[in-house]
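So the protein sequences, as listed, match chains A and B.
Note that the working numbering has the first sequence beginning at 1, numbered continuously upward.
Note that the working numbering has the second sequence beginning at 1, numbered continuously upward.
By construction, the Cβ of each residue, glycine as well, lies at the ideal position given by its N, Cα and C atoms.
Number of protein chains: 2
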Amino acid sequence: MPVYNAPLRDIRFVLHELIGMERFANLPGFKDASADVVDAILEEAGKFVGEVLQPLNQVGDREGCKFAAGEVATPTGFRQAYQTYCQGGWGGLAADPEHGGQGLPHLIGFALSELMSGANMAFAMYPGLSHGAYAAIERHGTPGQKASYLPKLASGEWTGTMNLTEPHCGTDLGLMRSRAEPQADGSYRITGTKIFISAGEHDLADNIVHLVLAKIPGGPEGVRGISLFIAPKFLPGADGSPGKRNTLACGSIEHKMGIHGNSTCVMNYDGAVGYLLGGAHRGLQAMFTMMNAARLGVGIQGLAQAEAAYQNAAIYARERRQGRSVAGAKDADAPADAIVVHPDVRRMLMTARAFTEGARALGLWTGLRIDLAHVHPDERTRRDAEDFVALLTPVIKGYFTDMGFEVANLAMQCYGGHGYIAEHGMEQFVRDARIAQIYEGANGVQALDLVGRKLPQNMGRLLRQFFHPLDVFLQAHAADAGLRELVGPLARAFGRLQQATAHIATAGLKDAEEAAAASSDYLRLFGLVALGWMWAEMAKVAQTKLKEGSAEPEFYRAKLATARFFMERMLPDTAALQAKATAGKRSLMELDAAVF
Amino acid sequence: MPVYNAPLRDIRFVLHELIGMERFANLPGFKDASADVVDAILEEAGKFVGEVLQPLNQVGDREGCKFAAGEVATPTGFRQAYQTYCQGGWGGLAADPEHGGQGLPHLIGFALSELMSGANMAFAMYPGLSHGAYAAIERHGTPGQKASYLPKLASGEWTGTMNLTEPHCGTDLGLMRSRAEPQADGSYRITGTKIFISAGEHDLADNIVHLVLAKIPGGPEGVRGISLFIAPKFLPGADGSPGKRNTLACGSIEHKMGIHGNSTCVMNYDGAVGYLLGGAHRGLQAMFTMMNAARLGVGIQGLAQAEAAYQNAAIYARERRQGRSVAGAKDADAPADAIVVHPDVRRMLMTARAFTEGARALGLWTGLRIDLAHVHPDERTRRDAEDFVALLTPVIKGYFTDMGFEVANLAMQCYGGHGYIAEHGMEQFVRDARIAQIYEGANGVQALDLVGRKLPQNMGRLLRQFFHPLDVFLQAHAADAGLRELVGPLARAFGRLQQATAHIATAGLKDAEEAAAASSDYLRLFGLVALGWMWAEMAKVAQTKLKEGSAEPEFYRAKLATARFFMERMLPDTAALQAKATAGKRSLMELDAAVF
Numbered sequence: 001m002p003v004y005n006a007p008l009r010d011i012r013f014v015l016h017e018l019i020g021m022e023r024f025a026n027l028p029g030f031k032d033a034s035a036d037v038v039d040a041i042l043e044e045a046g047k048f049v050g051e052v053l054q055p056l057n058q059v060g061d062r063e064g065c066k067f068a069a070g071e072v073a074t075p076t077g078f079r080q081a082y083q084t085y086c087q088g089g090w091g092g093l094a095a096d097p098e099h100g101g102q103g104l105p106h107l108i109g110f111a112l113s114e115l116m117s118g119a120n121m122a123f124a125m126y127p128g129l130s131h132g133a134y135a136a137i138e139r140h141g142t143p144g145q146k147a148s149y150l151p152k153l154a155s156g157e158w159t160g161t162m163n164l165t166e167p168h169c170g171t172d173l174g175l176m177r178s179r180a181e182p183q184a185d186g187s188y189r190i191t192g193t194k195i196f197i198s199a200g201e202h203d204l205a206d207n208i209v210h211l212v213l214a215k216i217p218g219g220p221e222g223v224r225g226i227s228l229f230i231a232p233k234f235l236p237g238a239d240g241s242p243g244k245r246n247t248l249a250c251g252s253i254e255h256k257m258g259i260h261g262n263s264t265c266v267m268n269y270d271g272a273v274g275y276l277l278g279g280a281h282r283g284l285q286a287m288f289t290m291m292n293a294a295r296l297g298v299g300i301q302g303l304a305q306a307e308a309a310y311q312n313a314a315i316y317a318r319e320r321r322q323g324r325s326v327a328g329a330k331d332a333d334a335p336a337d338a339i340v341v342h343p344d345v346r347r348m349l350m351t352a353r354a355f356t357e358g359a360r361a362l363g364l365w366t367g368l369r370i371d372l373a374h375v376h377p378d379e380r381t382r383r384d385a386e387d388f389v390a391l392l393t394p395v396i397k398g399y400f401t402d403m404g405f406e407v408a409n410l411a412m413q414c415y416g417g418h419g420y421i422a423e424h425g426m427e428q429f430v431r432d433a434r435i436a437q438i439y440e441g442a443n444g445v446q447a448l449d450l451v452g453r454k455l456p457q458n459m460g461r462l463l464r465q466f467f468h469p470l471d472v473f474l475q476a477h478a479a480d481a482g483l484r485e486l487v488g489p490l491a492r493a494f495g496r497l498q499q500a501t502a503h504i505a506t507a508g509l510k511d512a513e514e515a516a517a518a519s520s521d522y523l524r525l526f527g528l529v530a531l532g533w534m535w536a537e538m539a540k541v542a543q544t545k546l547k548e549g550s551a552e553p554e555f556y557r558a559k560l561a562t563a564r565f566f567m568e569r570m571l572p573d574t575a576a577l578q579a580k581a582t583a584g585k586r587s588l589m590e591l592d593a594a595v596f
Numbered sequence: 001m002p003v004y005n006a007p008l009r010d011i012r013f014v015l016h017e018l019i020g021m022e023r024f025a026n027l028p029g030f031k032d033a034s035a036d037v038v039d040a041i042l043e044e045a046g047k048f049v050g051e052v053l054q055p056l057n058q059v060g061d062r063e064g065c066k067f068a069a070g071e072v073a074t075p076t077g078f079r080q081a082y083q084t085y086c087q088g089g090w091g092g093l094a095a096d097p098e099h100g101g102q103g104l105p106h107l108i109g110f111a112l113s114e115l116m117s118g119a120n121m122a123f124a125m126y127p128g129l130s131h132g133a134y135a136a137i138e139r140h141g142t143p144g145q146k147a148s149y150l151p152k153l154a155s156g157e158w159t160g161t162m163n164l165t166e167p168h169c170g171t172d173l174g175l176m177r178s179r180a181e182p183q184a185d186g187s188y189r190i191t192g193t194k195i196f197i198s199a200g201e202h203d204l205a206d207n208i209v210h211l212v213l214a215k216i217p218g219g220p221e222g223v224r225g226i227s228l229f230i231a232p233k234f235l236p237g238a239d240g241s242p243g244k245r246n247t248l249a250c251g252s253i254e255h256k257m258g259i260h261g262n263s264t265c266v267m268n269y270d271g272a273v274g275y276l277l278g279g280a281h282r283g284l285q286a287m288f289t290m291m292n293a294a295r296l297g298v299g300i301q302g303l304a305q306a307e308a309a310y311q312n313a314a315i316y317a318r319e320r321r322q323g324r325s326v327a328g329a330k331d332a333d334a335p336a337d338a339i340v341v342h343p344d345v346r347r348m349l350m351t352a353r354a355f356t357e358g359a360r361a362l363g364l365w366t367g368l369r370i371d372l373a374h375v376h377p378d379e380r381t382r383r384d385a386e387d388f389v390a391l392l393t394p395v396i397k398g399y400f401t402d403m404g405f406e407v408a409n410l411a412m413q414c415y416g417g418h419g420y421i422a423e424h425g426m427e428q429f430v431r432d433a434r435i436a437q438i439y440e441g442a443n444g445v446q447a448l449d450l451v452g453r454k455l456p457q458n459m460g461r462l463l464r465q466f467f468h469p470l471d472v473f474l475q476a477h478a479a480d481a482g483l484r485e486l487v488g489p490l491a492r493a494f495g496r497l498q499q500a501t502a503h504i505a506t507a508g509l510k511d512a513e514e515a516a517a518a519s520s521d522y523l524r525l526f527g528l529v530a531l532g533w534m535w536a537e538m539a540k541v542a543q544t545k546l547k548e549g550s551a552e553p554e555f556y557r558a559k560l561a562t563a564r565f566f567m568e569r570m571l572p573d574t575a576a577l578q579a580k581a582t583a584g585k586r587s588l589m590e591l592d593a594a595v596f
């Protein structure tokens with residue numbers, strides 16, 4: 001049976017020692033989030049996910065969801081666990097107190113979402129989708145819509161979904177066929193088929209609030225004619241409780257590679273009642289409110305699966321005895337040494353640590369900026385924070401999920417043949433992690449978003465929120481004897497990123513295919529430099545703590561060793577990525593399509 | 001439903017145009033293998049795997065094997081398909097005519113094994129393991145053993161297995177507990193439990209010939225005390241047909257990530273009759289005869305899964321319409337362009353092509369040398385060929401299977417969300433391909449074999465079989481105007497391999513952990529340079545054909561374009577790999593084991 005221990009010490013390191021969230025105690029939400037309070041909440045969250053969610057992770061994978069006559073039964077234990085989740089108030093942690101939430105920073109919600117996904121990704125997706133629906137209604141809803149839906153979503157009594165995809169219409173939403181006919185009472189009647197709707201139907205909550213994209217007849221062609229609707233499974237009655245059943249239903253659920261515990265539904269809308277959310281034909285903007293939050297959430301899923309898989313690989317590597325250290329027996333009295341003595345096993349474990357700890361830092365670093373963008377009194381600070389988040393969103397979604405899958409595979413590899421056997425749970429991490437590279441925009445789409453939208457946006461303004469502070473950091477520490485061995489490689493990698501950026505800016509301006517041809521390698525290059533920055537920042541904190549005579553020297557020394565590993569063993573990929581990102585489109589595009 | 005089309009044109013290109021197998025017509029086996037005969041055989045093989053094996057690939061995955069009361073039922077259709085396989089004489093293609101085989105070169109067996117695995121990997125493993133058993137008995141068996149077992153294995157009437165692993169004993173065979181007690185009649189009684197025994201029990205054949213490693217009491221400690229035994233499921237009777245049931249049985253089968261159609265068995269030996277194969281305590285040498293063949297076979301599985309996955313991704317990319325080319329609509333009359341217009345989809349497809357075609361060339365290039373090592377009259381030529389095969393075996397096993405998994409994932413990614421759904425079959429390629437990185441020695445073990453055994457062997461003699469001809473090729477074509485754009489990057493990559501080799505030789509000599517710390521990155525660097533060499537050789541052939549006015553200019557132009565892609569987009573990784581392979585062990589090893 002795999003284990004999961006909430007990585008609380010490392011989260012505390014990032015929140016308090018690296019980003020110092022206490023500095024923002026004057027901001028709404030933060031003033032109630034003292035270090036003691038945050039630590040106590042996360043401690044409780046760690047217990048909840050460890051005791052309630054994690055034991056159901058393999059159960060969910062083995063049983064999967066069951067579909068019959070339009071209804072979905074979730075795996076054994078999921079209902080009870082969801083009730084515990086609601087009773088604990090976990091759904092409303094970062095929600096507005098006006099709607100029954102606790103009003104804590106989104107940053108804390110970010111940390112919680114790592115723990116939930118790490119313990120049980122398939123389960124965590126049910127409430128995870130509610131957060132996106134909450135955000136969209138909070139931002140675009142009428143006062144009446146807010147009053148009807150937000151408290152129910154915050155409490156978890158109802159859950160939410162996102163309905164975008166149709167069989168012929170995935171990335172290209174312009175191809176959408178679902179129609180919404182306006183009614184005399186101001187509502188709409190929605191007709192169409194949506195697929196791949198996570199948590200589209202289940203038995204966990206009293207109602208499901210579907211946010212559905214559809215076209216109002218007579219509107220503009222393509223994506224400019226898309227509107228967003230609220231189509232609840234049960235229409236709220238006069239007292240706010242679920243009333244009449246809406247004419248929408250789950251037609252079937254998919255058999256898929258992983259996340260078996262989460263229902264992936266075909267949803268049929270048959271003249272279903274829907275309420276316009278935001279303006280007519282402005283559905284895409286409203287949907288992006290959900291999508292951007294969801295993309296960051298998916299990035300965190302990548303981190304979470306990597307962490308969970310790593311923890312088990314580390315235990316196995318310390319316990320499994322096989323062979324001898326090539327440097328001579330380390331444990332001569334035992335029949336063999338633990339496999340953690342082997343450099344190549346170390347390579348896999350260190351890669352996992354360097355990614356997960358670096359990604360946690362970057363994820364929370366970004367999470368803080370989501371809060372700043374929401375609540376900071378200074379407009380310029382809000383805009384800067386928003387720019388940073390917009391820039392990093394595709395990087396976090398793409399790089400974290402690619403690495404989440406890679407690390408899950410490395411962790412499985414540490415188990416040898418035992419990793420391939422279902423009972424050890426390692427191959428489930430791999431299968432579950434795989435979806436994160438695909439949904440909420442496949443990673444190739446993230447890369448296009450980065451080079452095609454985020455780089456040129458406002459004349460490159462977004463990029464300055466990353467390049468400028470990194471440049472300041474590198475210059476400030478170039479001569480720092482303690483950090484030099486880290487800052488040197490990082491500065492070289494940053495130089496490569498700058499050169500690749502210049503290539504995309506110039507070649508891409510003349511020919512958009514040149515930018516697209518560079519996009520995936522560029523995104524990964526960006527992710528590596530971003531994690532390198534975090535590692536240098538973390539190393540700086542660790543050195544200070546060690547100088548101050550910390551009572552936990554092992555923790556900080558491990559940070560320094562892992563930072564060195566990152567610079568020596570992961571950052572060199574930036575050289576190859578720069579070469580690929582600047583190689584030009586010719587060798588990609590010259591073959592005729594028919595040759596494939 | 002996924003498709004599989006045997007890549008016969010490309011195999012013919014490699015056999016006849018690249019390696020020119022006709023040059024060896026004076027050698028045993030080759031004289032009956034004219035181009036016409038070989039092409040006709042492979043054409044038939046393509047039909048067989050396409051019509052008989054491939055339609056069972058998803059069936060096998062969905063149904064899996066069923067275990068009850070010591071017996072294993074294979075999935076629907078497998079029995080009939082296996083009979084067709086035997087009737088076609090496919091099992092004895094490269095077997096000695098003395099034992100009922102057709103005596104064709106192993107090279108052709110290699111090509112056949114790609115087709116079988118590409119169509120249905122789980123099925124192909126049943127007869128695949130028979131080849132290893134055949135090879136071990138042919139090389140180490142007594143005349144009586146050969147007469148009893150080889151014709152039955154060649155015809156496919158009986159199948160074979162390899163029994164190495166025990167619950168506590170995987171890579172480290174020195175920990176083995178299975179015992180073999182000598183009997184008065186010269187036979188042994190074997191007692192112990194073996195796990196992960198592929199095809200250990202099934203309903204396809206009349207008998208199963210288990211080759212079992214066990215220790216004879218009183219022998220040397222550790223791996224030097226291991227012997228190999230033939231322990232058939234049914235002891236051959238006086239007339240050679242299966243007689244008395246041996247006291248060995250399948251205890252259960254594993255539930256695993258993939259290859260569901262192949263039974264992975266726990267085998268219990270309860271005083272089972274076994275016959276010593278090769279000398280007492282010389283089991284490891286005999287086992288390595290099987291293992292080396294098996295490792296190359298596993299490498300071919302990686303290639304095969306990549307090819308099968310690629311073919312489906314290519315079709316999907318040409319047919320799925322979504323979005324528009326960033327360079328402007330390519331198919332303005334349709335609602336959207338096919339996704340093959342997108343540079344990032346091209347990146348995935350081209351990576352798949354560059355790997356599969358390069359790996360096929362290197363695999364058959366190596367397969368030819370297996371034949372030369374067996375049948376060439378000149379001793380030095382035999383030794384050179386054997387050196388080449390020994391050197392490339394870990395590279396082919398490790399690099400091909402890592403890339404097989406990566407390419408299967410890229411192909412799945414081309415499908416977006418549809419790739420994650422079981423019915424399309426793409427995620428099965430990923431799950432099936434994953435085992436190849438693990439079994440027959442996990443890829444980290446292959447890397448150690450390469451740096452710890454193959455590089456230093458006979459004072460670096462093996463390496464010269466690779467470095468010398470590549471050096472000759474590069475020098476001969478350095479000034480070749482047509483090849484310069486390929487030879488330049490390849491020469492730089494080769495330089496990186498040479499420098500990494502020098503680092504391992506010097507640092508590893510002083511400290512074995514330094515060589516181990518470099519091993520996995522070095523193996524991949526080696527694989528990239530080896531494929532680069534093949535691409536340069538293939539480009540040379542293609543240029544000649546185009547100059548000669550070939551009737552298939554598209555085929556050869558695609559070779560040239562793919563060669564350029566490989567050099568521009570895949571070979572740059574060698575820069576990063578050299579940096580990592582020479583970074584030293586410190587950042588891997590400095591953390592205390594307890595910190596993980």
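Per-residue DSSP class, three states only, for N262 (chain A): coil
Pick from B:D270, B:A40 and B:I11 that is closest to R179 (chain B), judged by C-alpha positions: B:D270
8 Å Cβ cutoff, Y420 (chain B) in contact with chain A: yes
Whole-Å CB distance - T159 (chain A) paired with Y134 (chain A), under 8 Å assumed: Actually they do not touch by this definition, with Cβ atoms about 10 Å apart.
Members of the region 16-27 of chain A near chain D, C-beta cut-off 7 Å: The chain inventory of the structure shown lacks chain D, comprising the protein chains A and B.
Contact check, Q437 (chain B) vs Q413 (chain A), beta carbons under 8 Å: yes
Nearest-angstrom beta carbon gap, S550 (chain A) and F565 (chain B) [assumed within contact, 8 Å]: At roughly 51 Å, the Cβ-Cβ gap does not stay under 8 Å, so F565 (chain B) and S550 (chain A) are not in contact.
Neighbour flag for A593 (chain B) against chain A, beta carbons, 8 Å: yes
Any 3 or more C-beta pairs closer than 8 Å across the region 112-122 of chain B and the region 37-56 of chain B: yes
Within-8 Å CB hit, H342 (chain A) to chain B: yes
M257 (chain B) at chain A interface by Cβ criterion, 8 Å: yes
Below-8 Å beta-carbon distance, L391 (chain B) vs any chain A residue: no
Backbone CA spacing between L56 (chain B) and R79 (chain B) [nearest angstrom]: 11 Å
Simplified DSSP assignment, three categories, for I190 (chain B): strand
Buried/exposed call for G70 (chain A), threshold 16 Cβ in 10 Å: exposed
Beta-carbon proximity of A354 (chain A) to A373 (chain A), cut-off 8 Å: no
Enclosing alpha helix (DSSP H) for H477 (chain B) [first to last residue]: R461 to H477
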